[in-house]
Amino acid sequence: MQQGLMEFNATLVIQIINALVLFGALTYILFKPVTKLMEERTKRIQSSIDEAESNAKEMSELKAKYEEQLRDIRSERDAIIGEATKKAEVRGNEIVAAAEEDARDVLERTKSQIEIEKQKMMDELKGEISSLAIAVASKVIENLDESMHQKLIQQFIDEAGETKWQN
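In the numbering used here, the protein residues as written are 4 to 170.
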């Protein structure tokens with residue numbers, strides 16, 4: 004019997020049916036669970052990626068918030084330091100002004116006391132000069148009358164006081 008290129012053979016049909024049944028069984032038993040497992044794994048990975056992105060976004064927001072707070076704190080610190088510096092400068096100027104005022108007061112009081120002492124000394128010297136002049140003049144001019152005597156004394160005091168004791 005001669006067989007042709009294509010002969011209908013029952014074994015071939017059974018093998019094809021067998022292959023289809025095996026393929027169906029493998030698809031149902033193996034392929035679907037593996038596909039389901041791969042989908043679940045993909046979902047878990049995607050969930051982890053989403054969570055990581057969410058965490059990264061949250062961290063970025065927190066970082067921005069903390070950087071802003073840090074800028075605010077630095078700005079506040081600079082303002083406090085500037086204010087303290089200004090207050091210290093003002094206080095220093097007040098202290099210097101008060102010290103200068105005290106020095107001027109002391110100088111004025113000292114000048115006033117010196118002037119008072121000078122005037123006292125001038126008065127005392129005039130009195131002593133008058134006494135000495137009277138004593139000397141009385142010995143020199145014992146024969147002069149009282150009016151002439153007073154005139155000479157006054158002239159002497161005027162000349163001596165103006166030229167010598169006021170310098």
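Just so you know, even glycine gets a beta-carbon here, dropped at the ideal spot from N, CA and C.
Inter-residue distance for ILE117 and LYS123 is about 10 Å (C-alpha atoms, whole angstroms). For LEU23, the enclosing alpha helix (DSSP H) starts and ends at 13-29. The three-state secondary structure of ASP161, taken from DSSP, is helix. In this structure, ALA136 and ILE156 form a Cβ contact; the two beta carbons are roughly 6 Å apart against a cut-off of 8 Å. The three-state reading of DSSP puts ASP126 in helix, counting H, G and I together.
Taking 3 residues as the shortest admissible run, the region 74-98 contains no complete beta strand (DSSP E) segment at all.
For ASP148, the secondary structure class from DSSP, reduced to helix, strand or coil, is coil. In this structure, LYS121 keeps its C-beta atom at 8 Å or more from the C-beta atom of ILE160.
ILE132 and ALA163 do touch by the CB rule: their CB atoms are close to 6 Å apart, below 8 Å. Per the coordinates, the alpha-carbon of GLU79 lies some 47 Å from the alpha-carbon of GLU111.
Rounded to whole angstroms, the separation of the alpha carbons of LYS66 and ILE76 is 15 Å.
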